[in-house]
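Below: one structure, written as structure tokens.
Number of protein chains: 2
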Amino acid sequence: MPPVSAIPSRLCLGPGPSPVPPRVLAALAHPTIGHLDPAFLALMDEVRDGLRHVFATTNAMTLAMSGTGSAGMETVIVNLVEPGDRVLVGVNGVFGGRLAEVARRTGAEVTTVDAPWGRALDRDALAAAIARSSPHVVAVVHAETSTGVANDIAGLADLVHARDGLLVVDCVTSLAGMPVEIDAWGVDAAYSGTQKCLSCPPGLSPVTLSPRAVARLDRRRTKVPSWYFDLTLLKSYWGQERAYHHTAPINMLYALHEALAIVREEGLPARFLRHRAAHERLAAAVDELGMTFVSEAGHRLPMLNAIAAPAGVDEAAIRRRLLDEHGIEIGGGLGDFKGKAWRIGLMGHGATTESVDTVVGALRALLA
Amino acid sequence: MPPVSAIPSRLCLGPGPSPVPPRVLAALAHPTIGHLDPAFLALMDEVRDGLRHVFATTNAMTLAMSGTGSAGMETVIVNLVEPGDRVLVGVNGVFGGRLAEVARRTGAEVTTVDAPWGRALDRDALAAAIARSSPHVVAVVHAETSTGVANDIAGLADLVHARDGLLVVDCVTSLAGMPVEIDAWGVDAAYSGTQKCLSCPPGLSPVTLSPRAVARLDRRRTKVPSWYFDLTLLKSYWGQERAYHHTAPINMLYALHEALAIVREEGLPARFLRHRAAHERLAAAVDELGMTFVSEAGHRLPMLNAIAAPAGVDEAAIRRRLLDEHGIEIGGGLGDFKGKAWRIGLMGHGATTESVDTVVGALRALLA
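Protein chains in written order, with this note's numbering: chain A, 1 to 368; chain B, 1001 to 1368.
Right, here's the structure in full:
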């Protein structure tokens, strides 16, 4: 077996993982200690504070689940949804579709409000669906990684709360790369991943629940179907009791701690501007190269740029050459965009002028 | 926030995590690449081969789940059990109890065969219970981390298979520290964790399913309740199709790859002997110190030594002083043994003469 050290370096400009700064890798490699060690419990408290900062929330129940982003999705759904509940999901890409699938597996009655791939969800359509069925839970993806589209969240909670529902938001790709305002927006539950704009390796899923969501959890008639994701048990480990639940992924939490420290040092407003500036630089180059976005104007994500592959070009071959000849990873299309689009991620540490110029230069050379 | 580098070093001789060798930490910190990168997919193949080696199996479906050991437990149960199925669980500690709880949440009809804490499961009692209810699944913990007891697995599969059931074995603490013979024993599904005798940080759960278990999975009448743990989807990512499921914890897989390489270099027989020798050295010292094991003779685990705290000693205070004054972590008792026992782990890299002498020396000083 060739050693791990033989794995080539890549410039990760796909849909995630994003480039991980050396400081975060160094933290990751700090010697492992026990998950009940007072020094580790203190670090967990700081991780929670850092997560509250990036989520812009004061939610007591804020923690990192021991799994990747989809583990956070499943955590939120299985804790807040019971069999027979009405769940409304906005679907305009892979991750909205996944939310609906995860909800269906709980035995909920799931309906969707759909929008075409590349377009944002329609607020009027969501409002009408909420008025029609008074859903127990409404779930929407903030930054749809599969299409590069941002769905508006502000204002949605009022519609959901008026019918006594909970608003769940997928912030996997948006968190720490564009404004996410859990408290100001009235979001009841949100989850993310570490490998996007936090620039930490994949393996943890930040989750936050509002007091209203916790009250719903406390009122459940049935046990949470998943033991591993059961927040009624996990809150005893992340809370004062420190009751053992499962062995936390210690080193991943070291890395997340460092990634959150870097976010604080830069400041969220500066970080958002940096992501926006990188996106605008890439958008100008896309235009200059005669290419077009597949995501609708006005709803384009800064950190995930979904671009139509030029007609007559074998998009997979170009991606492979980018990887093999230039050491750059970009993503292909999923679902409706399979074989038709490239997804260029400018996330976290990767949202820089240099990244943009490097990938544009390589694409220009390969398409010449 | 103090940096991660300020976290003190510990000699991890508790129930896990175990000491992680510098080579594994270095692999963990290798720069992150994409989860669909050909270089990463090649590494996954090698990880699978390495897992087959430690499980002593040729099972096609062998993989590392993206979560800690309890995620592997949940994976096996939710994939192999359907609502209404009869599940029989052997319970003689925390982890048997957890298996029963996870199985109950699937809607299965769960019965248990219990043994007192510190004693092994009784084979005749298991045989009688199997004959009585012909369970769809029989689940047993091989190495009960909460009590330091080994349950015999060899011979059990014949009883289970005669009634057309599947045998599930928890190998979290045993794998790579004592003989685990998945194929020779006829085990249908097993799971483990990385932070015990593999001496890798926590965060992944090796899982293996026999062809018989895969056939059961393929015949399910209902969808797997968990999307994140759904092996019918995950096998497409670990298999030839390489279909995207979720973003794998890349760096954790680097670390596991290196940990498995170390196991191969040492060889499993030598590794088992090393664990056995460390245990015997500790057992001699325990005897000399006038202390006793709480686990029954003949069924003591080499890697997890459960010892009665001497009468009149505040066991928690001693553990705290071991940590603060000597930098050594050992575990306290759980459940029936809470406040009454110490659990000294000699796992993986920690199963050495030096570890034993260090912890015995420190205990001797503190108890003097």
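Ideal placement from N, C-alpha and C gives every residue a C-beta, glycine not left out.
From a predicted model like this one, the values you see are computed outputs, not experimental measurements.
First and last residue of the beta strand (DSSP E) that includes E109(A)? Sequence index remark: in the first sequence, residue 109(A) carries index 109 (1-based). E109(A) -> beta strand (DSSP E) spans E109 to D114.
| said: Starting from D230(A), trace the alpha helix (DSSP H) in both directions and tell me its first and last residue. | reply: Counted from its first residue, the first sequence places residue 230(A) at position 230. That residue, D230(A), is in no alpha helix (DSSP H); it is neither H nor E in DSSP.
Alpha-carbon spacing of A1026(B) relative to I1182(B), whole angstroms: Within the second sequence, the letter at position 26 stands for residue 1026(B). Within the second sequence, the letter at position 182 stands for residue 1182(B). So the alpha carbons of these two residues sit roughly 31 Å apart.
- Compute the Euclidean distance between the alpha carbons of K89(A) and S5(A), then round it to the nearest angstrom. As a working mapping, residue 89(A) is identified with position 89 in the first sequence. As a working mapping, residue 5(A) is identified with position 5 in the first sequence. Checking the sequence shown, residue 89(A) turns out to be Val, not Lys. Cα to Cα, V89(A) sits roughly 43 Å from S5(A).
In the DSSP assignment, find the unbroken alpha helix (DSSP H) run with D218(A) in it and report its ends.
Mapped onto the first sequence, residue 218(A) falls at position 218. Per DSSP, D218(A) belongs to the alpha helix (DSSP H) from P211 to D218.
In angstroms with no decimal places, state the Cα-to-Cα distance between E1325(B) and L1363(B). Taking the first residue of the second sequence as 1, we reach residue 1325(B) at position 325. Taking the first residue of the second sequence as 1, we reach residue 1363(B) at position 363. When rounded, the distance between both Cα atoms is 11 Å.
C-alpha distance - T1222(B) paired with A139(A), whole-angstrom precision
Within the second sequence, residue 1222(B) is the residue found at index 222, counting from 1. Within the first sequence, residue 139(A) is the residue found at index 139, counting from 1. Those two C-alpha atoms are separated by around 24 Å.
Practice task
For the alpha helix (DSSP H) containing D1198(B), list its first residue and its last residue.
Solution key: Along the second sequence, one-based indexing puts residue 1198(B) at 198. It should be pointed out that residue 1198(B) corresponds to Leu in this sequence rather than to Asp. Element bounds for L1198(B): n/a, residue is neither H nor E.
| task | Taking K1223(B) as the query, report the chain A residues whose CB atoms sit under 7 Å from its CB, ordered along the chain. | result | In the second sequence, residue 1223(B) corresponds to position 223, counting from 1. Neighbours of K1223(B) on chain A, chain order: R105.
> Which of helix, strand or coil does DSSP assign to E241(A)?
Replying inline: In the first sequence, residue 241(A) corresponds to position 241, counting from 1. Note: E241(A) maps to coil in three-state DSSP.
* Asked: Using DSSP with H/G/I as helix, E/B as strand and the rest coil, what is I130(A)?
  -> Residue numbering aside, residue 130(A) sits at position 130 when the first sequence is read from its first letter. DSSP places I130(A) in helix when its eight states are reduced to three.
Span of the beta strand (DSSP E), counted from its first residue to its last, around I1007(B):
As a working note, residue 1007(B) is residue 7 in the second sequence. I1007(B) -> no beta strand (DSSP E), and no H or E assigned at all.
| In three-state terms, what does DSSP make of A1308(B)? | As a working note, residue 1308(B) is residue 308 in the second sequence. A1308(B): strand per DSSP, three-state reduction.
*asked:* Between which two residues does the beta strand (DSSP E) holding L1167(B) run?
replied: One-based indexing of the second sequence puts residue 1167(B) at position 167. First-last of the beta strand (DSSP E) with L1167(B): L1166 to D1170.
>> One question on the structure: do T57(A) and V91(A) come within less than 8 Å of each other, judged by their Cβ atoms?
In response: Indexing the first sequence from 1 puts residue 57(A) at position 57. Indexing the first sequence from 1 puts residue 91(A) at position 91. No, the Cβ-Cβ distance between T57(A) and V91(A) is not below 8 Å.
Query raised in the report: If you drop the 5 nearest sequence neighbours on each side, which residues of the same chain put their C-beta closer than 6 Å to that of G331(A)?
Result: On the first sequence, position 331 is the one that residue 331(A) refers to. Closer than 6 Å at the Cβ level, and outside the excluded window around G331(A), lie G14, P15 and R343.
Exposed or buried, T1032(B), counting other C-beta atoms within 10 Å across all chains shown (16 or more means buried)? Here the question's residue 1032(B) lines up with position 32 in the second sequence. T1032(B) should be labelled buried.
ask   = Whole-angstrom Cβ separation of S236(A) and N59(A), contact assumed at under 8 Å?
value = As a position in the first sequence, residue 236(A) is number 236, starting the count at 1. As a position in the first sequence, residue 59(A) is number 59, starting the count at 1. Not really, about 17 Å apart at Cβ, beyond 8 Å.
Can you pull the chain B residues whose beta carbon is under 9 Å from the beta carbon of M1(A), in chain order?
-> By 1-based counting over the first sequence, the position of residue 1(A) is 1. Residues of chain B passing the Cβ test: L1043, E1046, D1049, G1050, H1257, L1260, A1261 and R1264.
Contact check, E1296(B) vs G1118(B), beta carbons under 8 Å | By one-based count along the second sequence, residue 1296(B) stands at place 296. By one-based count along the second sequence, residue 1118(B) stands at place 118. Cβ distance < 8 Å, so E1296(B) and G1118(B) count as in contact.
_Given a cut-off of 8 Å on the beta-carbon distance, is the pair A341(A) and A306(A) in contact?_
The residue you call residue 341(A) lines up with position 341 of the first sequence. The residue you call residue 306(A) lines up with position 306 of the first sequence. Yes, the Cβ-Cβ distance between A341(A) and A306(A) is below 8 Å.
Checklist line | Proximal residues, the segment 65 to 84 of chain A versus chain B, C-beta separation under 7 Å | finding: S66, G67, T68, G69, S70, A71 and E74
Where does E1329(B) fall in DSSP's three states?
Along the second sequence, read from residue 1 onward, the residue named residue 1329(B) stands at position 329. Of the three classes helix, strand and coil, the one that applies to E1329(B) here is strand, per DSSP.
Other residues of its chain near D1230(B): CB distance less than 6 Å, five sequence neighbours each side excluded: Residue numbering aside, residue 1230(B) sits at position 230 when the second sequence is read from its first letter. V1224, listed in sequence order.
- Task: Can you have a look at L273(A) and say buried or exposed, based on whether 16 or more other CB atoms are within 10 angstroms of its CB?
- Result: Here residue 273(A) refers to the residue found at position 273 when the first sequence is read from its first residue. By the neighbour-count rule (16 or more Cβ atoms within 10 Å), L273(A) is not buried but exposed.
* Asked: Helix, strand or coil: which one does DSSP assign to G1345(B)?
  -> Within the second sequence, the letter at position 345 stands for residue 1345(B). In the structure shown, G1345(B) sits in a strand (DSSP, three-state: E or B).
Consult DSSP for T1292(B) and reduce its assignment to one of helix, strand or coil.
Here residue 1292(B) refers to the residue found at position 292 when the second sequence is read from its first residue. If DSSP states are grouped into helix, strand and coil, T1292(B) belongs with coil.
Residues, ordered as in the chain, of the segment 190 to 216 of chain A that lie near chain B by beta-carbon distance below 8 Å = G193, Q195, P201, P202 and G203
What residues of chain A sit near C1171(B), judged by a beta carbon separation below 7 Å? For the purposes of this step, residue 1171(B) is taken as the residue at position 171 of the second sequence. In chain order: nothing, as chain A lies at least about 15 Å away.
Applying a beta-carbon distance threshold of less than 9 Å, which residues of chain A neighbour M1252(B)? Residue numbering aside, residue 1252(B) sits at position 252 when the second sequence is read from its first letter. Result: P201, P202, G203, P249, N251 and M252.
Checklist entry - Is it the case that the Cβ atoms of V1076(B) and A1189(B) are separated by a distance below 8 Å? => result On the second sequence, residue 1076(B) is found 76 positions in, with the first residue counted as 1. On the second sequence, residue 1189(B) is found 189 positions in, with the first residue counted as 1. Yes, they are a contact pair.
Check: So which of K196(A), A39(A) and H30(A) has the shortest CA-CA distance to E1329(B)?
Finding: Sequence index remark: in the second sequence, residue 1329(B) carries index 329 (1-based). The option with the nearest alpha carbon to E1329(B) is A39(A).
Taking only beta-carbon positions, decide if R274(A) is within less than 8 Å of chain B. Walking along the first sequence from the start, residue 274(A) turns up at place 274. So, not an interface residue.
(request) Could you check how far apart the C-beta atoms of D37(A) and R1319(B) are, in whole angstroms? I think they sit under 8 Å. (result) The sequence position of residue 37(A) within the first sequence is 37, counting from 1. The sequence position of residue 1319(B) within the second sequence is 319, counting from 1. Not quite, the Cβ-Cβ distance comes to about 11 Å (not below 8 Å), so this is no contact.
Q. Fully enclosed by the segment 1024 to 1106 of chain B, which beta strand (DSSP E) runs are 3 residues long or longer?
A. 1061 to 1065 and 1086 to 1091
Output the distance between the C-alpha atoms of L63(A) and L256(A), rounded to the nearest integer angstrom. Here residue 63(A) corresponds to residue number 63 of the first sequence, with the count starting at 1. Here residue 256(A) corresponds to residue number 256 of the first sequence, with the count starting at 1. Each residue's alpha carbon lies about 11 Å from the other.
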